[in-house]
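The structure appears right after this line, and notes come after that.
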Amino acid sequence: MARRRLLRGPLELIALAVLGVLVVLAVLAPVLSPRDPLEQALAARLTPPSLEYWLGTDQLGRDMASRILYGARLSLLVGVFVVALAGASGTVIGLVAGYGGGLVDEALMRLTDVFLAFPSLILAMAIAGALGPTLVNAILAIAVVTWPVYARLIRGQLLSLRRREFVEAARSVGASGGRILVRHLLPNAFGPILVQASFDMGAAIIAVAGLSFIGFGAQPPTPEWGVMISEGRNFFSTEPWLSLFPGVAILLAAGSFNVLGDALRDAFDPRRAL
Amino acid sequence: MRFVTYLARRVVGIAAVMVGVSIITFAISHVVPADPAVAALGDHATPAQIVEFRHQYGLDRPLVDQYVLYVEGILHGDLGTSIRTRRAVADDLRDFFPATLELSLSALLIALLLGLPAGVWSAVRRGGIPDQVVRVVILAGGSLPIFWLGLIVIGVGYFQLGWFPGGGRIDAFVAPPPTRTGLYVVDSILAGDLDALSSSLRHLILPAVTLGYFSTALVARMTRASMLESLGQDYIRTARAKGLRERVVVWRHALRNALIPTVTILGLTFASLLSGAVLTETIFSWPGLGRYATASAVSLDFPAVMGVTLLAAVAYPLANLVVDIAYFWLDPRIQRGG
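In the order they appear, the protein sequences are chains A and B. Going by the numbering used here, the letters in the first sequence line up with residues 1 to 274, in that order. Going by the numbering used here, the letters in the second sequence line up with residues 1 to 338, in that order.
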């Protein structure tokens with residue numbers, strides 16, 4: 001049932017296919033890339049897309065197709081790390097808040113309020129600037145602005161599930177608190193987390209590329225999509241493909257995660273399928 | 001809950017959040033590996049110069065003292081001195097804020113003018129071609145990197161068509177209008193200065209469209225979803241059954257009830273507008289807070305970055321407070337504690 005709802009239309013199928021292809025390309029980048037993404041061929045610089053260079057070359061004669069393939073690797077890893085970091089820490093904090101209740105709950109929820117009050121990119125920029133501009137720090141920075149959503153999600157789930165019959169039933173037959181948490185509460189909270197994670201994969205890819213674009217993330221000559229768009233910017237009036245292709249890559253990756261997130265949400269909560 | 005009680009509770013809540021915000025901005029800027037003194041003076045500064053600099057900006061005092069000084073300053077409207085511009089941060093913010101406000105308000109205006117009708121249209125023609133188009137626009141809204149969209153908008157509007165300037169707020173040869181609100185478009189109208197009005201409008205359009213696209217998509221998404229819900233309600237059937245024209249049913253009856261989620265989104269959009277403004281202003285050389293924040297962060301100018309962060313973090317709960325007050329006005333049931 002859920003699977004049929006998940007793959008209800010062509011858009012969802014396309015999104016899944018795009019993600020599948022992206023993962024394969026990312027994993028096999030060293031095998032599939034026509035050239036070394038860092039290798040400069042100055043004689044062939046700024047070549048338009050052609051049979052020899054599928055997506056053209058940049059201002060240093062580096063092969064754009066190879067750079068975008070390696071970029072897929074970085075961007076997918078960025079998404080995974082941000083979601084894993086934010087999801088794990090948010091889940092723990094949400095559990096502590098939901099279980100602890102009272103003052104602990106109040107304090108932790110005010111803490112999420114504080115983090116949600118910051119405009120994410122400005123806070124991330126300040127963190128990345130303070131720690132030093134590297135891709136790892138950009139990932140940390142985006143994770144720092146992402147975790148509160150998970151903390152609130154888990155806490156909300158916990159509060160609403162705790163009163164449900166199946167949890168009461170488990171408790172009445174003498175299940176321990178830990179067992180109820182692992183066997184009953186977390187599996188039921190899994191759906192909303194998966195939906196949020198799917199949206200955040202896309203958002204993290206865009207956000208880290210944005211930080212890299214303004215100089216607070218990956219640095220040249222790293223083949224990261226945001227860096228590539230930034231490097232191509234000065235050639236935009238004459239060689240637009242330098243910035244266009246990496247942008248299309250981000251759009252495809254983030255768009256697919258968003259479509260998937262929408263489909264997952266509808267699958268888990270059919271009432272919202274409008 | 002009575003309105004005044006509610007308002008008081010919210011204000012106390014906001015104050016608590018502000019204390020947390022100030023601790024975090026302070027912590028980021030003071031407990032970091034990067035050294036602002038080295039950043040300001042360069043790698044060739046002598047140890048004596050660095051000591052002198054640290055003393056001048058209070059960086060050599062205990063952290064708690066620095067924090068107390070920082071908060072005292074904020075309460076007196078003193079956000080410190082920018083290491084980069086060597087001016088009071090509060091003055092810098094005052095100068096750069098109107099440009100960001102003008103850009104954000106234009107983006108919100110675009111979102112309301114385009115997003116609202118698009119959402120209604122898409123819901124009314126559910127499943128049809130207009131609905132498909134709007135859904136693609138909505139989908140792209142959450143998946144397009146704003147800095148990339150900005151480049152394309154410049155590429156088309158400036159490089160290809162040549163209709164609009166590629167950056168800045170007003171042409172170099174046009175005198176900015178006398179400052180009243182700080183919004184060039186409004187000030188030009190107030191001063192009756194047509195040259196300044198046309199120049200500032202032409203400069204505003206591309207960045208406003210770039211920044212506004214995302215809010216437009218959000219508003220359209222929210223309006224579509226809540227319109228679909230309210231169009232399925234009994235009172236809509238009743239309205240149709242008593243022979244009201246479809247236009248009245250849609251725009252008066254259904255839309256009015258679908259507005260609350262849309263208003264909520266507008267409030268939440270405000271925060272993302274500020275984040276979006278950072279990238280949009282960078283691309284369009286728009287002299288606002290976003291560009292100021294980026295330039296300050298690059299040079300580890302923490303008093304300036306903290307100032308922008310603090311201002312933005314105050315703006316967000318305030319925007320949501322305004323939204324909540326709008327609820328009271330939009331939906332009388334809330335006043336009765338519904």
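All C-beta atoms, glycine included, are put in the ideal place defined by N, C-alpha and C.
Any chain B beta carbon closer than 8 angstroms to residue i
| i | result |
| --- | --- |
| proline 30 of chain A | no |
| proline 240 of chain A | yes |
| isoleucine 139 of chain A | no |
| valine 259 of chain A | yes |
| methionine 125 of chain A | yes |
| serine 243 of chain A | yes |
| serine 237 of chain A | yes |
| leucine 13 of chain A | no |
| leucine 85 of chain A | no |
| glycine 90 of chain A | no |
| alanine 267 of chain A | no |
| isoleucine 214 of chain A | yes |
| arginine 233 of chain A | yes |
| alanine 254 of chain A | yes |
| alanine 273 of chain A | Below a pLDDT of 50, predicted positions are generally treated as unreliable, and alanine 273 of chain A, at 48, falls in that range; no measurement from the model is reported. |
| leucine 264 of chain A | no |
Limits of the alpha helix (DSSP H) - the one that residue i falls within
| i | result |
| --- | --- |
| asparagine 234 of chain A | Here asparagine 234 of chain A belongs to no alpha helix (DSSP H), and DSSP marks it neither H nor E. |
| isoleucine 127 of chain A | 120–131 |
| glutamine 219 of chain A | Run containing glutamine 219 of chain A: none; DSSP gives neither H nor E here. |
| tryptophan 251 of chain B | Counting along the chain, tryptophan 251 of chain B falls outside any alpha helix (DSSP H), and DSSP gives it neither H nor E. |
| glutamate 239 of chain A | Segment: none, glutamate 239 of chain A is in no alpha helix (DSSP H) and carries neither H nor E. |
| tryptophan 148 of chain B | 146–154 |
| alanine 313 of chain B | 302–330 |
| aspartate 234 of chain B | 234–241 |
| threonine 146 of chain A | 135–162 |
| leucine 32 of chain A | 29–32 |
| alanine 196 of chain B | 194–231 |
| isoleucine 14 of chain B | 3–30 |
| tyrosine 184 of chain B | 184–191 |
| tyrosine 70 of chain B | 63–75 |
| tyrosine 292 of chain B | 289–298 |
Exposed unless 16 or more other CB atoms sit within 10 angstroms - verdict on residue i
| i | result |
| --- | --- |
| valine 27 of chain A | exposed |
| glutamine 157 of chain A | buried |
| serine 243 of chain A | buried |
| tryptophan 286 of chain B | buried |
| alanine 15 of chain B | exposed |
| glutamine 196 of chain A | buried |
| arginine 152 of chain A | buried |
| arginine 183 of chain A | exposed |
| aspartate 200 of chain A | buried |
| leucine 51 of chain A | exposed |
| valine 185 of chain B | buried |
| valine 12 of chain B | exposed |
| leucine 108 of chain A | buried |
| threonine 238 of chain B | exposed |
| leucine 260 of chain A | buried |
| isoleucine 170 of chain B | buried |
Within-8 angstroms CB hit, residue i to chain A
| i | result |
| --- | --- |
| tyrosine 316 of chain B | yes |
| serine 275 of chain B | yes |
| alanine 297 of chain B | yes |
| serine 104 of chain B | no |
| threonine 280 of chain B | no |
| alanine 293 of chain B | yes |
| valine 12 of chain B | no |
| aspartate 305 of chain B | The amino acid occupying residue 305 of chain B in the given sequence is valine; aspartate does not appear at that position. Yes, its Cβ sits closer than 8 angstroms to a Cβ of chain A. |
| threonine 309 of chain B | yes |
| valine 17 of chain B | yes |
| valine 134 of chain B | no |
| serine 285 of chain B | no |
| valine 120 of chain B | no |
| glycine 168 of chain B | no |
| valine 21 of chain B | yes |
In DSSP terms, what residue i is bridged to
| i | result |
| --- | --- |
| threonine 57 of chain A | A:Asp63 |
| threonine 81 of chain B | B:Ala88 |
In chain order, what residues of the segment 98–121 of chain A put their CB closer than 9 angstroms to some CB of chain B? Only Arg110, Leu111, Asp113, Val114, Phe115, Leu116, Ala117, Phe118, Pro119, Ser120, Leu121 from the segment 98–121 of chain A bring a Cβ to less than 9 angstroms from some Cβ of chain B.
Return the residues of the segment 137–158 of chain B that lie within a Cβ-Cβ distance of less than 9 angstroms from chain A, sorted by chain order. For the segment 137–158 of chain B, the set of positions with a beta-carbon nearer than 9 angstroms to some beta-carbon of chain A reads Leu139, Ala140, Gly142, Ser143, Leu144, Pro145, Ile146, Phe147, Trp148, Leu149, Leu151, Ile152, Ile154, Gly155, Tyr158 in chain order.
Quick one, which residues of the segment 33–65 of chain A are near chain B if we go by CB-CB under 9 angstroms, in chain order? For the segment 33–65 of chain A, no residue has a beta-carbon sitting nearer than 9 angstroms to a beta-carbon of chain B.
Please identify, using Cβ separations under 7 angstroms, the residues of the segment 249–267 of chain B that lie next to chain A, in order along the chain. Listed by position along the chain: nothing, the set is empty.
Note down, in chain order, all residues in the segment 174–193 of chain A with a beta-carbon under 8 angstroms from any beta-carbon belonging to chain B. Here the close residues number zero.
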